[in-house]
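Residue numbers (my numbering): 23 to 390. A virtual CB, placed ideally from N, CA and C, is assigned to each residue, including glycine. Take a look at the structure set out below.
Rendered as C-alpha cells:
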C-alpha cells in the first residue's frame with residue numbers, strides 16, 4: 023500500500039513539474055516577443071505556486087552601455103511597489119496594539135492643519151484622504167525646489183483635493199504621513215524597521231533602499247523612450263533610449279525607493295503568506311481588501327486596476343481577483359490569493375504595461 027501511495031505521489035509531482043516546465047517554455051517565448059516588440063532591454067520573472075517558486079528567469083541586458091546581461095542578482099528599481107512593505111509595517115503595528123487603521127491621524131501626529139485631523143490611517147494607505155500632492159504635476163520632483171522639508175511646509179498650506187473618503191487621489195503626501203506615524207509610534211527609522219522585520223527574516227540580501235545615483239552592486243540603470251518637455255510638462259516618446267535618474271526623498275521611503283530582484287521578491291511573498299511577517303491571517307486579508315469610497319463605490323488607476331486596498335492596487339472581478347502592485351511603469355508584483363499564484367515581473371524600461379504582461383502570463387495557470 024505504501025508503495026502505491028509513494029508511486030502516486032511521485033506521478034503527481036512529476037506531472038506537475040512537467041506542466042510547469044511546459045508553461046515555462048511558452049511563457050519565455052511570449053516574454054521574448056514582448057521584449058522585441060516593446061524594446062525592453064532586460065527583465066526578470068518569477069512564478070510562485072502554492073508558496074513554491076516554479077521558475078525564476080532573467081532575460082536581456084541590464085546595462086545597455088556596457089552590454090551587461092541580466093542575472094538573478096541584478097537589482098531593479100521598483101518605485102511604488104515599496105508601498106507593500108509599508109502596508110505590512112502598519113499591520114505589524116496594528117497586531118502589536120500600537121495603532122488602529124480606523125483612527126484619525128491626529129491621534130498620532132501633532133500639529134497638523136485643522137482639516138487634516140479627521141483623515142484616517144486607512145485613508146492614507148488607500149489614497150482616499152483627499153490630501154494635496156507634495157510632488158509637482160510633472161511628476162519629476164517636489165512642489166518646492168528647496169528640498170523635502172520645504173515641500174512639507176508648503177503642502178500644508180494647500181487646499182484639500184476632496185473631502186476624506188470622497189475620491190481616490192494617488193499621491194505621495196499620504197505615504198509621507200505614514201512614515202511620520204510609523205516612526206513616531208515605533209520610535210524606529212522606517213528603513214531600519216523594514217530591514218529588521220521583513221528583509222532579514224525573509225533572507226532578502228539583494229534588496230536595498232537607495233537612489234538612482236547610489237552605487238549598488240549589480241544595479242541596473244533605468245531606461246526610457248520618453249522625454250520630458252519642460253515647457254509643456256508632457257512626456258514625448260522618442261526613438262532614442264535614455265537613462266533615467268530618480269531621487270527618492272528619505273522622508274517618504276514609505277512611498278518608493280527600493281532596489282531589488284525577482285528572487286528576493288519571491289522570498290518576500292512566500293514569507294508573507296507563510297505568516298513570517300504577520301501573525302494573523304486576517305491582517306493579510308485586510309491589506310488586500312479594496313477600500314470603498316463614501317458612496318460605496320470603488321476607484322483605482324482605471325481599466326482592470328479598478329480598486330485600491332492598503333498599498334496594493336486591486337484587480338476586482340468575480341474570479342481570479344489580484345492584488346497587483348505596480349512600480350515606475352516597469353515592474354509588477356501580482357498575487358492571486360484564491361489561485362495560490364503569484365507572479366513577479368521586473369524590467370528596466372519605463373513605459374511598459376507590466377501588469378498586462380503579468381495578466382497574460384497568469385492565464386497559463388488558470389483552469390478556466
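Euclidean distance between Cα positions of residue i and residue j
| i | j | result |
| --- | --- | --- |
| residue 335 | residue 152 | 17 Å |
| residue 167 | residue 389 | 52 Å |
| residue 208 | residue 299 | 16 Å |
| residue 45 | residue 265 | 33 Å |
| residue 37 | residue 337 | For residue 37, the predicted model reports a pLDDT of 45, less than 50, meaning its position is unreliable; a value from the coordinates is still stated below. Taking the straight line joining both Cα atoms gives about 31 Å. |
| residue 142 | residue 211 | 22 Å |
| residue 246 | residue 57 | 14 Å |
| residue 339 | residue 325 | 12 Å |
| residue 112 | residue 279 | 18 Å |
| residue 106 | residue 54 | 28 Å |
| residue 75 | residue 177 | 44 Å |
| residue 73 | residue 214 | 27 Å |
| residue 157 | residue 170 | 10 Å |
| residue 181 | residue 154 | 7 Å |
| residue 379 | residue 133 | 45 Å |
| residue 260 | residue 146 | 36 Å |
| residue 304 | residue 331 | 14 Å |
| residue 49 | residue 383 | 6 Å |
| residue 27 | residue 78 | Reliability of the predicted coordinates at residue 27 is poor, the pLDDT of 49 falling under 50, and the value obtained from them is presented with this limitation in mind. When rounded, the distance between both Cα atoms is 31 Å. |
| residue 345 | residue 232 | 25 Å |
| residue 257 | residue 135 | 34 Å |
| residue 159 | residue 60 | 27 Å |
| residue 131 | residue 269 | 26 Å |
| residue 221 | residue 183 | 35 Å |
| residue 35 | residue 387 | Any answer about residue 35 is weak, because its pLDDT of 46 lies below 50 and its placement is not dependable; what the coordinates show is given next. Rounded to the nearest angstrom, the two C-alpha atoms are 16 Å apart. |
| residue 206 | residue 292 | 29 Å |
| residue 108 | residue 218 | 13 Å |
| residue 263 | residue 69 | 29 Å |
| residue 86 | residue 381 | 27 Å |
| residue 250 | residue 351 | 15 Å |
| residue 121 | residue 216 | 17 Å |
| residue 248 | residue 353 | 17 Å |
| residue 129 | residue 317 | 25 Å |
Selected residue, minimal CA-CA separation from residue i, among the options
| i | options | result |
| --- | --- | --- |
| residue 91 | 82, 191, 99 | 82 |
| residue 302 | 116, 97, 235 | 116 |
| residue 89 | 292, 138, 243 | 243 |
| residue 342 | 71, 385, 185, 351 | 385 |
| residue 369 | 333, 101, 121 | 101 |
| residue 327 | 376, 387, 296 | 376 |
| residue 195 | 164, 223, 330 | 164 |
| residue 150 | 352, 356, 312 | 312 |
| residue 284 | 126, 355, 224 | 355 |
| residue 224 | 70, 132, 135, 294 | 294 |
| residue 123 | 159, 309, 329, 241 | 309 |
| residue 315 | 186, 103, 128, 374 | 186 |
| residue 84 | 63, 130, 257, 184 | 63 |
| residue 144 | 214, 217, 127 | 127 |
| residue 71 | 157, 359, 138, 307 | 359 |
| residue 372 | 49, 305, 349 | 349 |
| residue 238 | 261, 281, 262 | 281 |
| residue 307 | 47, 86, 67, 110 | 110 |
| residue 119 | 204, 353, 250 | 204 |
| residue 22 | 381, 333, 114, 351 | This structure cannot speak to residue 22, because the chain is shown only from 23 to 390. |
| residue 241 | 175, 66, 51 | 66 |
| residue 347 | 206, 51, 104, 270 | 104 |
| residue 137 | 179, 351, 329 | 179 |
| residue 329 | 148, 129, 236 | 148 |
| residue 267 | 235, 250, 248 | 235 |
In DSSP terms, what residue i is bridged to
| i | result |
| --- | --- |
| residue 230 | 281 |
| residue 66 | 80, 368 |
| residue 354 | 348, 367 |
| residue 241 | 97 |
| residue 71 | 74, 363 |
| residue 246 | 264, 372 |
| residue 251 | 256 |
| residue 337 | 344 |
| residue 142 | 126 |
| residue 157 | 164 |
The ligand ATP heavy atom lying under 7 Å from the CB of residue i
| i | result |
| --- | --- |
| residue 382 | As far as ligands go, the structure on display features none, and thus does not contain the ligand ATP. |
- Message: Can you confirm whether the region 364-373 touches the region 282-299 when touching is taken to mean that 3 or more C-beta pairs between the two stretches lie within less than 8 Å?
- Response: yes
- Item | Segments of 3+ residues assigned as beta strand (DSSP E) that fall wholly inside the region 74-125 | 74-85
- Task: Counting only runs of 4+ residues fully inside the region 253-302, write out the alpha helix (DSSP H) ranges in chain order.
- Result: 284-295
- Message: For the structure I just gave you, are there three or more beta carbon pairs, one from the region 266-280 and one from the region 186-200, closer than 8 Å?
- Response: yes
- Query: Hey, is the region 226-237 in contact with the region 91-104, meaning 3+ C-beta pairs nearer than 8 Å?
  - Reply: yes
- Query: Counting Cβ pairs, one atom from each stretch, are 3 or more of them under 8 Å apart for the region 187-197 and the region 317-328?
  - Reply: yes
- Item | Segments assigned alpha helix (DSSP H), at least 4 residues, entirely inside the region 297-334 | 303-310
- Which runs of the beta strand (DSSP E) fall wholly inside the region 165-222 and span at least 3 residues, in chain order? none
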